[in-house]
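Just so you know, we're using the working numbering here: the sequence shown kicks off at 978 and counts up by one. Heads up, the beta-carbon is just placed ideally off N, CA and C, and yes, glycines get one too.
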Amino acid sequence: MTQKILMMEDNRQFTDEVTAYFRGNGMEVVSCIDGETVRFLFEEQRFDLVLLDIMIGNRINEGYEVCRWIRRKNKEIPVIFCSARGDEIDEERGLEYGAVDYVIKPYAVGRLYLRVKNMIAHTEALHQGGKTLAIHGIAIDDGRKAAAIEGKKST
């Protein structure tokens, strides 16, 4: 199955480079230039990872806001910030909002690809799960340490 990346970036050069490189290595990149579109796409499609720029146009914290929104919707999908803002406080803030990595522009597209590939592999391994026991509408997944009653996750 092809891995699918959602990318919010308003610099066409970065978007084109990432899309071409990732596509050449078997990944699909869906790109957009604003948080509203990210929210729409995230609700409508399944993605394996999200790449976010922080500053989009004159919205200096757009990426942080989108990351917070994604975390409310899905705590498991990996988010990586790709930003020209390289201050330590920016990186810390991105990680506090739930990103798993923070890459400073300009970046080597090959290294970004490897980070994405490794993060997706790591996430998939975590979600493999172990043995599942199901009886009378109750399912217990030993590997994930999770249970579901009639398909609804138990908390």
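{"Item": "Can you find the residues in the same chain that come closer than 8 Å, C-beta to C-beta, to E1005, ignoring five residues on each side of it along the sequence?", "Value": "T979, Q980, K981, I982 and F999"}
{"Item": "So, at 8 Å on beta carbons, what are the nonlocal neighbours of N1002 in its own chain, with the 5 sequence-adjacent residues on each side left out?", "Value": "Y1090 and K1094"}
{"Item": "May I ask which residues mark the beginning and end of the alpha helix (DSSP H) holding K981?", "Value": "Per DSSP, K981 belongs to no alpha helix (DSSP H); it is in the beta strand (DSSP E), Q980 to M985."}
{"Item": "Check the C-beta distance from I1031 over to D1067 and give it rounded, since I have them as a contact under 8 Å.", "Value": "7 Å"}
{"Item": "With DSSP as the reference, label M1032 as helix, strand or coil.", "Value": "coil"}
{"Item": "Where do the N-terminal and C-terminal ends of the alpha helix (DSSP H) with D1067 fall, by residue?", "Value": "E1065 to E1073"}
{"Item": "In terms of DSSP beta bridges, what is M1096 paired with?", "Value": "DSSP output for M1096 lists no bridge partner at all."}
{"Item": "Taking the C-alpha atoms as reference points, what is the distance between Y1041 and G1087?", "Value": "25 Å"}
{"Item": "Is DSSP giving V1056 helix, strand or coil here?", "Value": "strand"}
{"Item": "Tell me whether A1085 is buried or exposed, calling it buried when 16 or more other Cβ atoms sit within 10 Å of its Cβ.", "Value": "exposed"}
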